[in-house]
Structure formats: structure tokens, C-alpha cells
Amino acid sequence: MRLRENITVARKPENIPKNRYKNILPYDSYRVKLDRNSSDYINASRVSHFDEEIGKQKGKSYISTQGPLPNTVEDFWFMVMQEKSCAILMIAKEIEKERKKCERYWPDKVNETKVWGSAKVTLLSAHQPEPAFWERLIRLEIQGKVHHVVQFQFVLWPDFSTPEDRDIEQVLHYLERVKRAPTVVHCSAGIGRSGAVMVIDMISDQLEFYQGDITIDIKKTVTHCREHRHSMVQTIEQYKFIAKS
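The following block contains the structure:
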């Protein structure tokens, strides 16, 4: 596991206001760098698939990031455009237990457009196929370039807790629909719920790819994720949930 000495860019004075939590910071080696003339910093980490062969064949990788802050929404959308991400998986509500967990970074109403700096965001459609999920189609325009992305919001997974088995199956189903990497995954901090989903998705991929003829090592898979972003999978309950899943 990487040491704290590897975290330097996130601690620069100009970047501190861009971090939702002062102790949840990306490693320098795996942080997503924004390709622009101004600051290249965003609190986001690249996470490769645990199984390299599966990652190559499925073209699957992840970006784990914090829930955007009011002052980082433009950065978030710039990253989505830059990485050509086709899907965003949001595993949180904006407010949980009367605490702000994530800024709403999309318009409230269908066909409404909101602007954050250079990012022009239009909500094309929104529906709730099941009580646990929202699915939104979003049009993003930055400097004349247009990109479409689907956002899946999972609203029934409390922070530091675990969801229903049926609901996590739906999350995996949504991830499987994504054909192009990387998928942007975030909760509030981008480590607990986000980490658990990535680990479960990686394990599910291995079981399918090897048709069950493989010994699954949960600890190594979690460690792999933590090497890319520290503290992935925060609680023993989340770890047990991974094992049960």
C-alpha cells in the first residue's frame, strides 16, 4: 500500500479547497490530471481492473472520485469530457442524515440547462425505473465539444453501510452496460461505497470470465483498489457485504 509521502499535489494550498475531506486525498501516481492551462488538480483517482486480462478484453477501468463540491463541479465535468466517460455511477444522495454529501451537478428538470464555468450541462431525460435508482441522460458541452453521458444514481445505500442484495445486482447490471472505460464512480468521499462496488464488480467479472474456475481473493482485490486510492472499502460491514455478495 502506498505511503502518505506519495500525496503532495492534493496538499498544495491552492488545492486544499478542492478536497471535500481533508484526509481523503489522491495519490500523486494515480490522480487524474486535467489537461488544461489552469490547475490540473481534481480529487479523483484512476483504478485499473484487478485482473489485467479482463481489463483489456472488456476495456474496463474506473475513476473513483469524491462527490463534487460547489467549486469543483466544472472540474468534474471537464474530467468526464476529457476521459470520454460514458457513465457516471453515483452511490449517494446529495443530503444524507441532514449532511451535505454531494453537490447537485446536473439540472433539476428535463430539458433544463445549467452552466458551471466552461461546462454547459443539459438534462435530456430522467426516470426512476426502481425505488433504488435514478437514470439520467446528460448532454455536456465544453468549448464547442459535445459529449453524452448516462448517470446512474443509487439512492438506497446509506454511508458506512450496505444495501440490499437485489439492489447491488442492479448496480452490477448498470456497470455491465457500460462498453467504454473509464466509468466514473463516486459516493461522498469516493472510497467506501465506491470501493465496495468496484471490488464486487471485479470479482463478478472474474467469476464470469473464468466460469467459476478460479479462487477469489477478496483481500488482494481490496488491496489492489487501496493501492490506487487509500481507504477503499471503509467498514467491516462493507467488507462482509463483499464476501456475501
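Here numbering that gives the first Met the number 0 is used: the first residue of the sequence shown is 0, the next is one more, and so on.
Cβ atoms here follow ideal geometry from the backbone N, Cα and C, with glycine treated the same way.
On a predicted model such as this, the values are computed, not experimentally measured, just so you know.
The residue from His227, Ile6, Trp156 and Val149 with its alpha-carbon nearest to that of Glu134 is Val149. For His48, the three-state secondary structure derived from DSSP is coil. Per DSSP, the continuous alpha helix (DSSP H) segment holding Ala195 begins and ends at Gly191 to Phe208. Shortest Cα-Cα distance from Asp39 to any of Ser60, Gln81, Gly58 and Tyr61 involves Gln81.
Within 10 angstroms of the beta-carbon of Ala9 lie 16 or more other beta-carbons, which makes it buried.
DSSP places Val109 outside both helix and strand once states are collapsed to three, so it counts as coil. Counting only residues of its own chain and dropping the five nearest sequence neighbours on each side, Lys100 has a CB closer than 8 Å to the CB of Gly66, Ala91, Lys92, Glu93, Ile94, Asp158, Cys186 and Ser187. For Val221, there is no enclosing beta strand (DSSP E); the residue is part of the alpha helix (DSSP H) that begins and ends at Ile217 to His227. Annotation for Glu73: the continuous alpha helix (DSSP H) segment containing it runs Val72 to Glu82.
Contact check between the region 20-39 and the region 223-238: three or more CB pairs, one atom from each, fall below 8 Å, which counts as touching.
For Ile213, the secondary structure class from DSSP, reduced to helix, strand or coil, is coil. Taking a cut-off of 8 Å for Cβ pairs, the region 196-207 and the region 48-56 touch, as three or more such pairs fall below it. For a cut-off of 8 Å, the C-beta gap from Ser60 to Ser44 is around 11 Å, too long to register as a contact.
Lys21 sits in coil when the DSSP states are folded into three classes, being neither helix nor strand. In this structure, Phe153 sits near Gln169, with a CB-CB distance shorter than 9 Å.
DSSP places Tyr61 within a strand segment (E or B) once states are collapsed to three. Within the DSSP secondary-structure output, Lys144 pairs in a beta bridge with Ile141. Excluding the 5 residues flanking it on each side, Val79 has same chain C-beta neighbours closer than 8 Å at Ile87, Leu139, His146, Val148 and Val183, in chain order. With contacts defined as CB atoms closer than 9 Å, Val109 and Leu122 qualify as a contacting pair. For Glu111, the closest C-alpha among the options Ile23, Asp212 and Leu136 is that of Leu136.
Just so you know, the alpha carbons of Cys85 and Ile62 end up roughly 12 Å apart. Assignment of Pro67 by DSSP, reduced to helix, strand and coil, places it in the coil class. For Ile41, there is no enclosing alpha helix (DSSP H), as DSSP gives it neither H nor E. Relative to the Cα of Ser193, the nearest Cα in the group Tyr209, Leu171, Ile141 and Glu102 belongs to Leu171.
Taking 9 Å as the cut-off, the beta carbon of Ile41 is found closer than this to the beta carbon of Phe77.
Between Pro130 and Glu13, the alpha-carbon positions lie close to 40 Å from each other.
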